[in-house]
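Take 48 as the starting number for the sequence shown in my numbering and just add one per residue.
Glycine residues also receive a C-beta, built at the ideal position from the N, C-alpha and C atoms.
The structure displayed is predicted, hence computed values, not measured ones.
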Amino acid sequence: MSTKIILDTDPGIDDTMAIFYAIAHPEIELIAMTSIFGNVSAKEAAHNACTLLDYVGVDADVAKGAGKPLVAEPRPHSYHVHGEDGFGNVNLSLSEKPLHELSSAEYLVEKTKAHPGEITIVAVGPLTNLALALDMDPQIVNRVKEVVVMGGVVYHSGNASPVAEANILNDPHAAEKVFAASWPLVLAPMDVTMPVVFTPNYFADLADAAPKMGGLMKQMAKFYIRFYKRYHGFDGCVPHDVMALTYLTAPGMFLRKRGSLSVVTEGIAVGQTVFVPSGKFKHVAFWQNRPQHDVLLEIDANMFLSHYFQTIENWEA
Ligand code: RIB
Ligand code: CA
Numbered sequence: 048m049s050t051k052i053i054l055d056t057d058p059g060i061d062d063t064m065a066i067f068y069a070i071a072h073p074e075i076e077l078i079a080m081t082s083i084f085g086n087v088s089a090k091e092a093a094h095n096a097c098t099l100l101d102y103v104g105v106d107a108d109v110a111k112g113a114g115k116p117l118v119a120e121p122r123p124h125s126y127h128v129h130g131e132d133g134f135g136n137v138n139l140s141l142s143e144k145p146l147h148e149l150s151s152a153e154y155l156v157e158k159t160k161a162h163p164g165e166i167t168i169v170a171v172g173p174l175t176n177l178a179l180a181l182d183m184d185p186q187i188v189n190r191v192k193e194v195v196v197m198g199g200v201v202y203h204s205g206n207a208s209p210v211a212e213a214n215i216l217n218d219p220h221a222a223e224k225v226f227a228a229s230w231p232l233v234l235a236p237m238d239v240t241m242p243v244v245f246t247p248n249y250f251a252d253l254a255d256a257a258p259k260m261g262g263l264m265k266q267m268a269k270f271y272i273r274f275y276k277r278y279h280g281f282d283g284c285v286p287h288d289v290m291a292l293t294y295l296t297a298p299g300m301f302l303r304k305r306g307s308l309s310v311v312t313e314g315i316a317v318g319q320t321v322f323v324p325s326g327k328f329k330h331v332a333f334w335q336n337r338p339q340h341d342v343l344l345e346i347d348a349n350m351f352l353s354h355y356f357q358t359i360e361n362w363e364a
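What follows is the structure in structure tokens.
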């Protein structure tokens, strides 16, 4: 049986890798994408989502989301990581597909009303749309099947500050609201994304095996890999956002731990995700009534690499 998902996304090169995976995997039904600011603006993200759908000849709703954080000052978009177009400057022809009339947050509220208990929200950008949906209709927590978030760090260091990952730092107040809500939530932090590296050779093989999706990812990745070389010092790139989806299709690849999450919203550690495993710090009032979520802490990177390759290859076979 396939899982109906709404992908909340800021495409973005690794978002593209996730979008292609969602389209290619037979157990995922991508019913919509809701855009959010982050790698690019919310408007660019929405049009990029449409462009990718057109590129592979697939249809799904696309709604435009929040353009700035709830409270924090907006941070610059990541054009230096993902290129001026969010796609590594590959000059894809832009889509003319119209956007959905509802905003991303309204779309999340309405779609979960129409399909109670059926929809999994996979969020791979800042969590502002999800926080706005919670404000609009707190009952959404009882209607979603699951929420899976790519973001944060548990024992790993950050990529946007020494202790913060970019999606969480881009809207720490939204992330805190989302983690404080009682919905079934799974976090895929950098602890499970950084061990997976797509190398130039991996892209070359993928482009040979699957020219449509693999060929485009190989082109886009050139820009992304240049950033990784400068910033992280290795020859390859990390497909962060895909991990939130592979948790749904291949959960056995991950080591998972239950506990509570919170986000620092002020000061030098702003954007830091704090994870307290179940049963620990019960004497501290703050953690006593905090909802329990699942956090992914380890990944079998080799299994992931062949699983991703196979999924994309099979779609084009
Ligand atoms: O830190 C990685 C995350 O930030 C990914 O979602 C990437 O696309 C950017 O949004
Ligand atoms: Ca993203």
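Comparing the CB of residue i with every heavy atom of ligand 1, is any distance shorter than 7 Å?
i: G130; result: no
i: E91; result: no
i: N31; result: It is not possible to answer for residue 31, since the shown part of the chain is limited to 48 through 364.
i: A213; result: yes
i: M300; result: no
i: N176; result: no
i: M264; result: no
i: G85; result: yes
i: M80; result: no
i: M241; result: no
i: M183; result: no
i: M197; result: yes
Tell me the DSSP bridge mates of residue i?
i: L234; result: V196, V342
i: S208; result: A211
i: S150; result: K111
i: F245; result: C284
At a cut-off of 7 Å, is residue i close to ligand 4 when judged by its beta-carbon and the heavy atoms of the ligand?
i: I75; result: Ligand 4 is not part of the structure shown, which contains ligand 1 and ligand 2 as its ligands.
Query raised in the report: Mind listing, in chain order, the residues whose beta carbon lies closer than 5 Å to a non-hydrogen atom of ligand 2?
Result: D57, G59, D62, V171, G172, D288
Report task. Flag this pair as touching only if the segment 174–186 and the segment 211–223 have three or more C-beta atom pairs under 8 Å; answer yes or no. Result -> yes
Query - Cβ pair count under 8 Å reaching 3, the segment 196–204 against the segment 139–154 - result: no
**Report entry** Whole beta strand (DSSP E) elements within the segment 262–330, 3-residue minimum
**Finding:** 301–310, 320–324
Query raised in the report: Do the segment 235–242 and the segment 181–188 meet, that is, are 3 or more Cβ pairs less than 8 Å apart?
Result: no
**Report entry** Whole runs of the alpha helix (DSSP H) within the segment 51–131, excluding any shorter than 4 residues
**Finding:** 60–71, 89–103, 126–129
Report task. For the segment 269–283 and the segment 326–337, state whether three or more C-beta atom pairs, one from each stretch, are separated by less than 8 Å. Result -> no
Report task. Starting from the N-terminal side, write out each stretch of the beta strand (DSSP E) that is 3 residues or longer and does not extend beyond the segment 164–195. Result -> 166–170
Requested in this report: State whether the segment 84–93 contacts the segment 299–308, with contact taken as three or more CB pairs (one from each stretch) at a distance under 8 Å.
Outcome: no
Query raised in the report: Any contact of the segment 250–258 with the segment 343–352, i.e. 3+ C-beta pairs under 8 Å?
Result: Touching, no.
Query - Three CB pairs or more closer than 8 Å across the segment 62–78 and the segment 136–143 - result: Judged by Cβ distances under 8 Å, the segment 62–78 makes no contact with the segment 136–143, as fewer than three pairs qualify.
Query raised in the report: Is the number of C-beta pairs between the segment 261–277 and the segment 124–137 that are closer than 8 Å three or more?
Result: yes
Query raised in the report: Does the segment 303–323 come within contact of the segment 198–216, defined as at least 3 CB pairs closer than 8 Å?
Result: yes
Report task. Would you check if there are 3 or more beta carbon pairs closer than 8 Å linking the segment 50–63 to the segment 167–174? Result -> With the cut-off at 8 Å, the segment 50–63 and the segment 167–174 touch.
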